[in-house]
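In full-length UniProt numbering, the protein residues as written are 1 to 201.
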């Protein structure tokens, strides 16, 4: 029975390819640089459970003194759910829990966007609204919102934000004033373009 076993049965060819693609570039960088060879950026191991994918990845990590992190597919799906809360859940949270929730999400988005930009995976581009740009802007907005929350709701410093509160409560009036040029009249001193065009009768 064992006489029929060959190296192909234990996937030696795949192991050799894995060593050439991952282990050698990390342990013998100078050889690759001398030959001008660019090693692959990653390797995809696929197959049914029990075929040794995790074992080979652990072996590569051990040979290269790299950190091995095992993360299953369902765990990746659950990560965003950690940051999503129902509105009533957030309403009943303490100040510290709310801030932790918003700041962690904001920092995660900032780090994600900056990492995508500096690794040239998805550069920041405002015109195209790339994912990295959206991540950075939304992460920064979350941190600014958290700072406002600390000032207004925790520190009770509301006088600085009274104009914003008035604008929020009178959004239609503000829109009409902006559309009709009344803001410009305020700025120009109750006349428009020329002192003779006064708004005061």
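Virtual Cβ for every residue (Gly too), placed ideally from N, Cα, C. In this text the structure is predicted, and so the values were computed from the model without any measurement.
Within a Cβ cutoff of 6 Å, which residues of the same chain sit near residue 138, ignoring the five residues on either side of it in sequence? Same-chain partners within the cutoff: 109.
So residue 113 packs on residue 132, CB below 8 Å; how close in whole Å? Sure, about 4 Å apart at Cβ, within 8 Å.
State buried or exposed for residue 106, treating a residue as buried only when at least 16 other CB atoms are found within 10 Å of its CB. Buried, by the Cβ-count rule.
Look at residue 69 and residue 56 and say whether their C-beta atoms are less than 8 Å apart. No, Cβ-Cβ distance for residue 69 and residue 56 is not below 8 Å.
I need the boundaries of the alpha helix (DSSP H) containing residue 203, first residue and last residue. Only positions 1 to 201 of the chain appear in the structure, and residue 203 is not among them; the question remains open.
Can you list, in chain order, the residues of its chain with a C-beta nearer than 6 Å to that of residue 122? Leave out the 5 residues immediately preceding and following it. Correct list, in chain order: 116, 130, 131, 132.
Less than 8 Å separating the beta-carbons of residue 21 and residue 40? Yes, these two residues count as a Cβ contact at 8 Å.
Would you call residue 94 buried or exposed, if buried means 16 or more other Cβ atoms sit within 10 Å of its Cβ? Residue 94 counts as exposed, since fewer than 16 other beta carbons sit within 10 angstroms of its beta carbon.
With respect to the alpha helix (DSSP H) encompassing residue 133, which residues constitute its N-terminal and C-terminal limits? Per DSSP, residue 133 belongs to the alpha helix (DSSP H) from 131–149.
One question on the structure: do residue 124 and residue 136 come within less than 8 Å of each other, judged by their Cβ atoms? Yes, Cβ-Cβ distance for residue 124 and residue 136 is below 8 Å.
Report the three-state DSSP secondary structure of residue 53 (helix, strand or coil). Note: residue 53 maps to helix in three-state DSSP.
Which one of 48, 53, 49, 62 has the shortest CA to CA distance from residue 24? Of 48, 53, 49, 62, the residue nearest in Cα terms is 62.
Pull up the distance between the alpha-carbon of residue 16 and that of residue 119, whole angstroms please. Here the alpha carbons of residue 119 and residue 16 stand approximately 29 Å from one another.
With 16 other CB atoms within 10 Å as the buried threshold, where does residue 86 fall? Low per-residue confidence applies at residue 86: pLDDT is 49, beneath 50, and the placement is therefore not dependable, though the value from the model is reported in the following sentence. In summary, residue 86 is exposed, with fewer than 16 beta-carbon neighbours lying within 10 Å of its beta-carbon over all protein chains present.
For the putative contact between residue 157 and residue 164, defined by C-beta atoms under 8 Å, what is the C-beta separation to the nearest angstrom? Not a contact, Cβ separation roughly 13 Å.
Buried/exposed call for residue 142, threshold 16 Cβ in 10 Å: Buried, by the Cβ-count rule.
Applying the 10 Å Cβ sphere with the 16-neighbour rule, what's the burial state of residue 28? Flag for residue 28 reads exposed.
Taking only three categories from DSSP, how would you classify residue 2? The predicted position of residue 2 is uncertain, since its pLDDT is 49 and thus under 50; a value taken from the coordinates is nonetheless stated next. Here residue 2 sits in helix by DSSP.
Do residue 43 and residue 18 come within 8 Å of each other at the CB atom, strictly closer than that value? Residue 18 is a Cβ neighbour of residue 43, given a cutoff of 8 Å.
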